[in-house]
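Participant: Chains as they are written, first to last, in the working numbering: chain A, 772 to 1005; chain B, 772 to 1005; chain C, 1002 to 1218; chain D, 1002 to 1218.
Every residue gets a Cβ at the ideal spot worked out from N, C-alpha and C, and that includes glycine.
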Amino acid sequence: MALNKVVAGPQEALTGVADGMTFMVGGFGLCGIPENAISEMVKRGITGLTCISNNAGVDDFGLGLLLQKKQIKKMISSYVGENDEFERQMLSGELEVDLIPQGSLAERCRAGGAGIPAFFTPAGYGTEIAEGKEVRNFDGKPHILEMALHADFAFVKAWRGDTAGNLIYKATSKNFNPMMAMAGKITVAEVEELVPVGELDPNQIHTPGVFVQRIFQGSGYEKRIERVTTRPRV
Amino acid sequence: MALNKVVAGPQEALTGVADGMTFMVGGFGLCGIPENAISEMVKRGITGLTCISNNAGVDDFGLGLLLQKKQIKKMISSYVGENDEFERQMLSGELEVDLIPQGSLAERCRAGGAGIPAFFTPAGYGTEIAEGKEVRNFDGKPHILEMALHADFAFVKAWRGDTAGNLIYKATSKNFNPMMAMAGKITVAEVEELVPVGELDPNQIHTPGVFVQRIFQGSGYEKRIERVTTRPRV
Amino acid sequence: MLSKDQIAQRIAQELQNGWYVNLGIGIPTLVANHIPDGIDVEFQSENGILGMGPFPYEGEEDADLINAGKQTITAMPGAVYFDSATSFAMIRGKHIQLTVLGAMEVAQNGDIANWKIPGRMVKGMGGAMDLVASADNIIVAMMHTNKKGASKLLKACSLPLTGVGCVTRVVTNLAFLEVKNGAFHLLERAPGVSVEEIKNATEGELIINGEIPEMNL
Amino acid sequence: MLSKDQIAQRIAQELQNGWYVNLGIGIPTLVANHIPDGIDVEFQSENGILGMGPFPYEGEEDADLINAGKQTITAMPGAVYFDSATSFAMIRGKHIQLTVLGAMEVAQNGDIANWKIPGRMVKGMGGAMDLVASADNIIVAMMHTNKKGASKLLKACSLPLTGVGCVTRVVTNLAFLEVKNGAFHLLERAPGVSVEEIKNATEGELIINGEIPEMNL
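Okay, here's the thing in structure tokens:
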């Protein structure tokens, strides 16, 4: 029998979350974000959160919802520029912000999940990002040592998933979700469609179920688009 | 227009290989090995090779064919135990062998392809593998620093591929192929079925074509099985 | 003087067949509209696509298919989606042949500053630091001077750096320049722009060798 | 005395519901035949599968579907295939709850030697060094003594190490032992085997606390 990771919904899936914990939250902008898990965090009113997420949502959606309620103490991100409330809290000093080059953020999450405590990368050498970090030359080129990231909970969103926690993402909604799924002590996956084991081709799975502790079928997805951009029909 | 990486066959695909070069060769045992590229290497009689490959084939197949002809100077592998000729050459000192823990071998190939010059891993700490390597504690646990691997050519084998070099592997024939595809200066992919771009679902590709410089439809695959193991029908 | 679209057009002339190209936000995005005939390239967007196509027709937007600027896009035949770690493996591993991005300042030693203005809201570097630290071939697309008329091609950057010694070429509204040996080398003038104007707008060391041709757009 | 199959059976009793398990070559492979009723586990083979099933029926072998011992296998519903880097990410990242492997020697401090005999042909460590360096829960399955009758449970390993201080439990043909605080702690005797026999076959420090029960197979 395959393992069964299914929980009833976001409420059960977030059992154990507590004030002051560290959370990884998948998505790029508003694309591929775990909408249900974020809503549940808002509902629970958990505070003092450290959130590791490439972006911080917009004012009234995504992680912006947690910012509005001042639930987030610290953001670890690569780009946070679509959010007035974020700006206000950051400039006032209410919100701590740790900005990380996007590739280093992705690789540090993967490293956390893969048992690699640290690695060298050229990104950020010679900039303020490198301050206090070990520098070493490889092939004559300077690199800095970056450390793995870990989280108490990782919230990820996939397109399809099976009851054993195997996940398939759609298009560019994959982004940070697979690495964050690897790096959570407890990884909660929400999916648009939950299917029995055996329905997904074992050759086409993006996140093996071994990285997922809890899975549920999400609901009410808004899937907002930040910048609808179109071209005229000829 | 998508890029076109198609070459006529193994002969064209191996243009530029030369004595003394370093080669990565995909596969685990005889599963997922680039049979056509290996045959072409035998045919060309290139010598003094350094081969990075998890295994060394068997006496009369896979990399064993290159060993028979004494074309290999050095093997970098994790396990080489199915090959009498290998044993003879190793014990006589004709063949240099660098044994690497399998996970470190995989990660070092990935690192080479991903521009990560070095990383820390716990594998091999306290063993002879760690001799001469930097040791550092993370969270109180000792790790050793391992360096990226690179190759002049990487030979990989996939199940299906398109003319832009996008690859899909089948079942456990994936193994080392995706990381080696990333780490070759020139990566040559041979596939069982070559299709036009647009035929592969962009969501299901294992190796993006950006890592592949040349692709051809292979032929005459033997796909030998090292240990046929079955169970009785009830 | 070049329009933003013409800056993109001039950069597009540098594309070579078979290249994978990462285009930053702003002017660089426009490069995709000017691919010369007979040149096949593929565009990477670092949020996870190779083979990015044009914007979708109205009504055909897919919330799951965006570029790094969070705009809706389409995928070309032969496209592939991947996660952010794989995306930056491509970038860090030098599998992308050209990076085009904007800048606030470029220094004559190739340093670039494009992510932070002290005292102002910092939005973050996104993927820019990874891109500039790894790419061998970086073209900066920007205005030659800022809104106050001050040169953006400097002896040394005054703003916090994004990367050091990495920019190889710059295309501005005034000129096409190469960055090497610690100086800006003027290669081409924008149509109707004199060498004198470019000199006056360039704070960093400017090397002018012989007759400088006008761009051919 | 236990047969090899019974060693596997005793180890299988340690399986807990929901575990992912990596089984080494030899006796460990047999563990899969003895999963207790009501226990769901998934087997990983480090060459790239989770959800490994039984060997195929004759005629149904697939050259593309093997385990780390290069044997043909099948996949269970819910299985997934992945590359070697991902496979060892699972192992190194502690996503696998139990590792069962064979050994030539185990020391009372948990050191293990199972890959190399000086002067003999060295076949390589395969994935063993990664497995023992990362797993928190390692059961060694082996004979209590070697072919010459010498103990394999030692004060210190004499052979080149595979990993240090990592083995948590050992199941042999004679006994089930826990390795902690620098000693072997006898937990159970194989049916018909006396504590005295186990003592005589164990070179390393052996802690015997109270009455030692017989295994219940």
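So who's on the other strand from VAL868/B, going by DSSP bridges?
Facilitator: Answer is MET846/B, bridged to VAL868/B.
Participant: I'd like to check one pair, MET1002/D with ASN1201/D: are the Cβ atoms closer than 9 Å?
Facilitator: Against a cut-off of 9 Å, the Cβ pair of MET1002/D and ASN1201/D comes out as no contact.
Participant: According to the Cβ coordinates, are VAL966/A and GLY936/A closer than 9 Å?
Facilitator: no
Participant: Residues of chain B with CB closer than 9 Å to the CB of VAL1123/D, please, in chain order.
Facilitator: VAL851, GLY852, MET861, VAL868, LEU870
Participant: Can you pull the chain B residues whose beta carbon is under 9 Å from the beta carbon of ASN937/A, in chain order?
Facilitator: Simply none; closest approach about 14 Å.
Participant: Could you spell out the range, first to last residue, of the beta strand (DSSP E) harbouring PRO913/A?
Facilitator: 912-918
Participant: So if DSSP puts ASP923/A in a beta bridge, which residue, or which two residues, is it bridged to?
Facilitator: The beta-bridge partner set that DSSP reports for ASP923/A is empty.
Participant: What number of angstroms, rounded off, separates the C-alpha of PRO1055/D from the C-alpha of ARG1002/B?
Facilitator: 8 Å
Participant: Quick check on GLY932/B: does DSSP put it in helix, strand or coil?
Facilitator: strand
Participant: In terms of alpha-carbon separation, which member of ILE1008/C, GLN1017/C, MET1130/C, LYS1181/C lies closest to ARG1093/C?
Facilitator: The shortest C-alpha separation from ARG1093/C is found at MET1130/C.
Participant: Mind the definition here: the region 1144-1163 of chain D touches the region 895-905 of chain B only if three or more C-beta pairs lie below 8 Å; say whether that holds.
Facilitator: yes
Participant: Cβ closer than 8 Å: which chain A residues qualify as neighbours of GLU1043/C?
Facilitator: None at all; the shortest Cβ gap to chain A is about 15 Å.
Participant: Between the alpha carbons of VAL1180/D and THR1169/D, how many angstroms are there, rounded?
Facilitator: 5 Å
Participant: For TYR992/A, is the classification buried or exposed, using 16 other Cβ atoms within 10 angstroms of its Cβ as the cut-off for buried?
Facilitator: exposed
Participant: Taking Cβ to Cβ, would you say GLY1027/C is nearer than 9 Å to ALA1142/C?
Facilitator: Cβ atoms of GLY1027/C and ALA1142/C: closer than 9 Å.
Participant: Mind checking the region 879-897 of chain A against chain C and listing, in chain order, the residues whose C-beta falls within less than 8 Å of any C-beta there?
Facilitator: Within the region 879-897 of chain A, the qualifying residues are CYS880, ARG881, THR892, PRO893, ALA894, GLY895, TYR896, GLY897.
Participant: Quick check: the Cα distance between GLU1198/D and ASN1138/D, rounded to an integer number of angstroms?
Facilitator: 27 Å
Participant: Do the CB positions of GLN1010/C and GLN1098/C come within less than 9 Å of each other?
Facilitator: Going by C-beta atoms, GLN1010/C is not nearer than 9 Å to GLN1098/C.
Participant: Does any residue of chain C have a CB that is nearer than 9 Å to the CB of GLY874/A?
Facilitator: Closer than 9 Å to the CB of GLY874/A there is at least one CB belonging to chain C.
Participant: State yes or no: is the beta carbon of ALA1076/D nearer than 9 Å to at least one beta carbon in chain A?
Facilitator: yes
Participant: Per DSSP, what are the beta-bridge partners of ARG907/A in this structure?
Facilitator: HIS914/A
Participant: Spatial neighbours of PRO1214/D within its chain, please: C-beta separation below 6 Å, excluding the five flanking residues on both sides.
Facilitator: GLU1189
Participant: Pick from GLY886/B, GLY874/B, GLU858/B, ALA885/B: whose alpha carbon is nearest that of GLY1120/D?
Facilitator: If we check each option's Cα against that of GLY1120/D, GLU858/B comes out closest.
Participant: Name the residues in the region 1149-1161 of chain C whose C-beta lies less than 7 Å from a C-beta of chain A; which are they?
Facilitator: From the region 1149-1161 of chain C, only PRO1161 have a Cβ closer than 7 Å to chain A.
Participant: Which residues in chain B sit within 9 Å of ARG1190/C, going by Cβ to Cβ distance?
Facilitator: Simply none; closest approach about 33 Å.
Participant: Report the CB separation of VAL959/B from PHE926/B in whole angstroms; it is logged as a contact under 8 Å.
Facilitator: Rounded to whole angstroms, the Cβ separation of VAL959/B and PHE926/B is 5 Å, and the two are in contact under 8 Å.
Participant: Please list the partners that VAL829/B has in chain C, where partner means a Cβ-to-Cβ separation under 7 Å.
Facilitator: What VAL829/B touches in chain C: nothing, since even the nearest Cβ is about 33 Å away.
Participant: Residues in the region 1178-1202 of chain D with C-beta within 8 Å of chain B's C-beta atoms, listed in sequence order?
Facilitator: none
Participant: Counting Cβ pairs closer than 8 Å, one from the region 1112-1128 of chain C and one from the region 803-816 of chain B, do we hit at least three?
Facilitator: no
Participant: Quick check: is the beta carbon of ASN1023/C nearer than 9 Å to any beta carbon in chain A?
Facilitator: no
Participant: Per DSSP, what are the beta-bridge partners of ALA1108/C in this structure?
Facilitator: LEU1155/C
Participant: Output the distance between the C-alpha atoms of PRO913/B and ARG907/B, rounded to the nearest integer angstrom.
Facilitator: C-alpha separation (whole angstroms): 5 Å.
Participant: Name the chain B residues whose beta carbon is nearer than 8 Å to that of ALA942/A?
Facilitator: PRO973, ASN974
Participant: Nearest to LEU1218/D by CA position, among PRO1037/D, LYS1095/D, CYS1167/D, is which residue?
Facilitator: Closest by alpha carbon: PRO1037/D.
Participant: Compute the Euclidean distance between the alpha carbons of PRO1057/C and THR1075/C, then round it to the nearest angstrom.
Facilitator: Spanning the two alpha carbons is a distance of roughly 6 Å.
Participant: At a CB-CB cut-off below 7 Å, which residues of chain B make contact with GLU1062/D?
Facilitator: Here the neighbours are ILE996, VAL999, THR1001.
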